[in-house]
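Q:
Residue numbers (the working numbering): 56 to 401.
(1) Would residue 64 be called buried (16 or more neighbouring beta carbons within 10 Å of its own) or exposed?
(2) Should residue 171 go down as buried or exposed, given a rule of 16 or more other Cβ atoms within 10 Å for buried?
(3) Once the 5 residues before and after residue 96 are set aside, which same chain residues still bring their CB inside 7 Å of it?
(4) Is DSSP giving residue 291 helix, strand or coil here?
(5) Could you give the DSSP three-state label for residue 238: helix, strand or coil?
(6) Suppose only complete runs of 4+ residues qualify. What are the alpha helix (DSSP H) ranges in the region 324 to 360, listed by chain order?
(7) Does the beta carbon of residue 168 fall short of 6 Å from some heavy atom of the ligand NAD?
(8) Cβ atoms of residue 144 and residue 85: under 7 Å apart, would you say?
(9) Would you call the region 263 to 277 in contact with the region 292 to 305, where contact means no fewer than 3 C-beta pairs closer than 8 Å?
(10) Going straight from the alpha carbon of residue 216 to that of residue 243, what length do you get?
(11) For a quick check, are the C-beta atoms of residue 130 and residue 369 less than 7 Å apart?
(12) For residue 89, does the count of other Cβ atoms within 10 angstroms reach 16, so buried, or fall short, so exposed?
(13) Closer than 6 Å by C-beta to residue 93: which residues in its own chain qualify, once you throw out the five before and the five after it? Chain order, please.
(14) Can you tell me which of 196, 148 and 203 puts its alpha carbon nearest to the alpha carbon of residue 365?
(15) Please determine, among 183, 134 and 175, the residue with the shortest C-alpha to C-alpha distance to residue 142.
(16) Please say whether residue 223 and residue 167 have beta carbons closer to each other than 7 Å?
(17) Can you give me the Cβ contacts of residue 132 inside the same chain, cut-off strictly under 7 Å, excluding the 5 residues immediately before and after it?
(18) On the CB-based measure, 16 or more other CB atoms within 10 Å of its CB, does residue 313 come out buried or exposed?
(19) Give me the Cα-Cα distance between residue 68 and residue 125, rounded to the nearest whole angstrom.
(20) Just how far apart, CA to CA, sit residue 118 and residue 229?
(21) Out of 103, 218 and 372, point me to the one whose CA is closest to residue 405's CA.
(22) Cα separation between residue 103 and residue 121?
(23) If I follow the unbroken alpha helix (DSSP H) through residue 166, where does it start and stop?
(24) Considering only C-alpha positions, which residue in the set 107, 336 and 160 is nearest to residue 227?
(25) Taking the beta carbon of residue 325 as the centre, do at least 16 other beta carbons fall within 10 Å, making it buried, or is it exposed?
(26) Have a look at 280, 149, 211 and 288 and flag the residue whose alpha-carbon is nearest the alpha-carbon of residue 357.
(27) Pick from 148, 169, 162 and 260: whose alpha carbon is nearest that of residue 310?
(28) To the nearest angstrom, how far is the alpha carbon of residue 280 from that of residue 331?
(29) Note down the Cα distance separating residue 308 from residue 266, rounded to an integer number of angstroms.
(30) In angstroms with no decimal places, state the Cα-to-Cα distance between residue 234 and residue 225.
(31) Just to check my reading of the structure: residue 363 and residue 207 have Cβ atoms closer than 8 Å, yes? What is that Cβ distance to the nearest angstrom?
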């Protein structure tokens, strides 16, 4: 054996093993963050689906949990965008979040809703990649600016989804008195509140009484004022009935001029007016009905967008608190790509 022959060099695997270990830890952290994002997205979708069918009287009770679930989801979505580096994982997070929300509306599948779901997905992907690109472009991490970008776009995406659900649900079906847009139970409580505003047009009427009864009371009151209580009983019944019929006709004309409907004279006025308006909507020309629903859907989007202002008030401190916790627990780190470029990583 030639003792001058050198033994084979041993290969040091410690470096590659260390890199693999770091990669595994990073993927585990990403997995935790994405799972939290998916969980909060599904919770938001569940609550949105539930809240969507509650009538307007329920808004005060559902507003706080709705804003809270929005803030929690947006917090995890933003931190996923902030920390996840790989584009495929970022796309997975965006698509998965969208799916966790949209799955709660799939049972209502119809063409308008499918369009809304598709637009929602595109906005989720656009938000994730546009905000990530903005974070990578700027030297410093603009936390609040990027968070506001995420909030604006994601709230818009969800508003479009809900508006499409609203339009698709009611464009092809008749409303009943329990519909969530304006249920009868709400209408009969709201209309009497407007009694003062309507007095100049319709006179002194009681929405809790039938129109025919109101006409009889108003005619009897007018007769007493004109001829006196002692002579009121001498007015011929036929003349009294004619005055009542005239009063009813004038009121019917007033309602028709205001609302385009004639009402049942024997039902309480608020009930009769609701039934007439509901019938008018259900029997309207499909084009007019679609236009009305489209306008309502647009107003719905704007109202949800206005809700983003309230969401931000809750979201910014919550998101910043989570960010600080992640940094202080070493779950995430701020590093510098060069002397000035600040980036964050898990």
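We put the CB at the ideal spot given by N, CA and C, even for glycine. All of these numbers come straight from a predicted model, not from anything done at the bench.
A: With the given structure in hand:
(1) Unreliable placement is indicated for residue 64, whose pLDDT of 49 sits below 50; no coordinate value is reported for it.
(2) buried
(3) 128, 152, 155 and 156
(4) coil
(5) coil
(6) 324 to 337
(7) For the ligand NAD, the structure offers nothing, since it holds no ligand at all.
(8) yes
(9) yes
(10) 30 Å
(11) no
(12) buried
(13) 151 and 155
(14) 203
(15) 183
(16) yes
(17) 92, 152, 205 and 209
(18) exposed
(19) Note that residue 68 scores a pLDDT of 47, beneath 50, so its modelled location is shaky and nothing firm can be said.
(20) 28 Å
(21) There is no way to answer for residue 405, as the model of the chain reaches only from 56 to 401.
(22) 7 Å
(23) 166 to 192
(24) 336
(25) buried
(26) 211
(27) 260
(28) 34 Å
(29) 13 Å
(30) 10 Å
(31) 6 Å
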